Ligand SMILES: Nc1ncnc2c1ncn2[C@@H]1O[C@H](COP(=O)(O)OP(=O)(O)OP(=O)(O)O)[C@@H](O)[C@H]1O
Ligand SMILES: [Mg+2]
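Residue numbers (the working numbering): 152 to 555.
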């Protein structure tokens with residue numbers, strides 16, 4: 152069974168209408184003849200039951216797999232089927248496991264999957280994007296006029312992470328009373344400004360209206376007529392979108408480990424020959440003697456490709472054999488494509504450095520009291536590598552392959 156083509160619906164703040172828009176996308180996709188599912192990833196504050204009648208279906212378990220509920224012809228995965236309206240409060244790793252199973256170990260038979268996200272762009276959204284991976288068509292940002300800055304940040308983050316942005320919907324764009332009067336209660340519309348500044352696709356504006364609320368209360372959230380236009384535009388883009396191509400690394404997974412091992416050995420030799428380690432120690436205050444563990448993961452941070460322990464000893468970087476976990480002072484996690492893009496200095500058309508990788512959680516540093524030193528170190532190392540034209544020329548062909 153192939154994974155359904157997924158669309159994430161997200162937005163910076165809570166209560167802007169992400170779930171309302173998600174349900175509308177699903178209903179309109181269904182009524183245009185597509186099979187569709189909704190994955191409610193707002194485990195902590197699931198409220199999909201506010202819009203559709205969850206009592207019409209139930210989620211089942213088949214051995215080690217979930218079976219989504221069927222509600223009015225839409226497949227639904229929601230934690231509400233498991234915990235009702237009890238509170239869910241999970242730690243990141245547990246949340247990630249559940250997302251993984253919701254995507255990979257659930258009997259989805261639908262062609263399209265709408266992923267209703269919690270507010271913000273934290274762990275949950277990042278995990279969903281990673282897990283959905285090449286079945287992700289892209290995302291739709293829901294904003295209200297007052298949250299222009301959040302929409303801007305969301306767009307920037309999409310560019311940082313290479314998540315395709317299908318378009319933006321401005322919900323609650325203005326309040327419309329029953330006599331047709333329009334009031335910009337959340338401020339003037341901002342969607343045109345976003346289009347102008349970022350060239351994003353605007354699907355349109357949906358007003359805040361009492362009759363919408365009343366219909367939602369009756370669990371009839373489907374927008375009709377003019378009100379549905381932004382949703383129909385989005386549906387049109389969804390059905391014409393193509394999933395992103397798997398990266399070079401995804402295609403080459405089984406060869407990567409060997410290749411990365413070789414690269415690490417060569418990198419140590421090159422670093423000792425080419426880089427002024429004494430200068431690096433002076434710059435970062437790193438005295439040497441402590442052991443740094445470098446973990447190189449695959450692109451999803453799913454499996455460890457290779458691991459090496461190093462220390463600086465008498466002004467040289469040396470590999471350390473047989474270090475136990477307790478001997479290690481700092482652990483640095485990274486992926487080949489992060490390194491490749493950082494060395495290139497560019498990703499998705501935006502400047503990209505090791506510092507950016509750190510800021511985006513793509514280089515992870517573990518070790519108490521090491522964050523300041525780590526940032527310093529990453530900055531220093533990046534500047535050295537980037538400033539050496541001969542080194543850059545040598546590694547350019549390899550990098551080009553990784554970033555495809
Ligand atoms: N255009 C609208 N007109 C009237 N009511 C609306 C409109 N859009 C959303 N609502 C109502 O606003 C409330 C919040 O919407 P919704 O739950 O979809 O937001 P959300 O962004 O998913 O929130 P959360 O971040 O908590 O998940 C709901 O009660 C919904 O019915
Ligand atoms: Mg919601």
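Glycine included, C-beta positions come from ideal geometry on N, C-alpha and C.
In this text the structure is predicted, and so the values were computed from the model without any measurement.
Between which two residues does the alpha helix (DSSP H) harbouring residue 432 extend? Segment 428-435, the alpha helix (DSSP H) holding residue 432.
For residue 202, the residue or residues it bridges with in DSSP: Among the bridge pairs identified by DSSP, residue 202 is matched with none.
Locate the beta strand (DSSP E) running through residue 330, then write down its first and last residues. Segment: none, residue 330 is in no beta strand (DSSP E) and carries neither H nor E.
Where in the region 207-238 do unbroken runs of the beta strand (DSSP E), each at least 3 residues long, occur, reported from the N-terminal end onward? Within the region 207-238, the complete beta strand (DSSP E) runs of at least 3 residues fall at 211-213, 216-218, 220-222 and 225-228.
Residue range of the beta strand (DSSP E) that residue 457 falls in? Note, residue 457: beta strand (DSSP E), 455-464.
Given 8 Å, three or more beta-carbon pairs between the region 318-325 and the region 414-434: Contact between the region 318-325 and the region 414-434 is absent, with fewer than three C-beta pairs closer than 8 Å.
Given 7 Å as the limit, tell me if residue 252 has its C-beta closer than that to any heavy atom belonging to ligand 1. For ligand 1, not one heavy atom lies less than 7 Å from the Cβ of residue 252.
If the criterion is Cβ atoms closer than 8 Å, does the pair residue 312 and residue 292 meet it? Not in contact: residue 312 and residue 292 (Cβ atoms no closer than 8 Å).
Return yes when at least one heavy atom of ligand 2 lies under 7 Å from the C-beta of residue 170, else no. At least one heavy atom of ligand 2 lies closer than 7 Å to the C-beta of residue 170.
From the DSSP secondary-structure annotation, give me the bridge partner or partners of residue 289. Residue 289 is bridged to 158.
Residue 477 versus residue 523 - alpha carbon distance: Between residue 477 and residue 523, the C-alpha separation is close to 21 Å.
Put residue 170 into one of helix, strand or coil per three-state DSSP. In the structure shown, residue 170 sits in a helix (DSSP, three-state: H, G or I).
Where does residue 264 land, buried or exposed, given buried means 16+ other C-beta within 10 angstroms? Residue 264 is classed as buried because its beta carbon has at least 16 other beta carbons within 10 Å across all chains shown.
I believe residue 288 touches residue 157 by the beta-carbon criterion, under 8 Å. Please report the beta-carbon distance rounded to the nearest angstrom. Between residue 157 and residue 288 the Cβ distance is about 6 Å, and since that is below 8 Å, they are a contact.
Using only the alpha-carbon positions, how far apart do residue 525 and residue 533 sit? Roughly 12 Å between the two C-alpha positions.
Nearest-angstrom Cα distance between residue 196 and residue 300? Distance between the alpha carbons of residue 196 and residue 300 is about 24 Å.
Going by the C-beta, is residue 442 closer than 7 Å to any heavy atom of ligand 1? Between ligand 1 and residue 442, a heavy atom-to-CB distance of less than 7 Å is absent.
Does the beta-carbon of residue 193, which I'm using as the reference point, lie nearer than 7 Å to any heavy atom of ligand 2? Distances taken from the Cβ of residue 193 to the heavy atoms of ligand 2 include one shorter than 7 Å.
If you pair each beta-carbon of the region 430-439 with each one of the region 530-547, do three or more pairs fall below 8 Å? Taking a contact to require three or more Cβ pairs closer than 8 Å, the region 430-439 and the region 530-547 qualify as touching.
What ranges does the alpha helix (DSSP H) occupy inside the region 319-365, keeping only unbroken runs of at least 4 residues that lie completely in it? Counting only runs of 4+ residues, the alpha helix (DSSP H) found wholly inside the region 319-365 occupies 342-349, in chain order.
For the beta strand (DSSP E) holding residue 517, just list the boundary residues, first then last. Per DSSP, residue 517 belongs to the beta strand (DSSP E) from 515-517.
Between residue 236 and ligand 2, is there a pair consisting of the residue's CB and a ligand heavy atom that are separated by less than 7 Å? It does not: the Cβ of residue 236 is nowhere closer than 7 Å to a heavy atom of ligand 2.
Figure out for me which residue from 360, 340 and 219 has the closest Cα to the Cα of residue 326. Out of 360, 340 and 219, 360 has the C-alpha closest to the C-alpha of residue 326.
When you compare the region 441-449 with the region 458-474, are there three or more beta-carbon pairs, one atom per stretch, that lie closer than 8 Å? Because the criterion of three Cβ pairs below 8 Å is met, the region 441-449 and the region 458-474 touch.
Whole-angstrom distance between residue 294 and residue 344, CA atom to CA atom: Each residue's Cα considered, the two are about 13 Å apart.
How many angstroms separate the CA atom of residue 280 from the CA atom of residue 256? Each residue's Cα considered, the two are about 16 Å apart.
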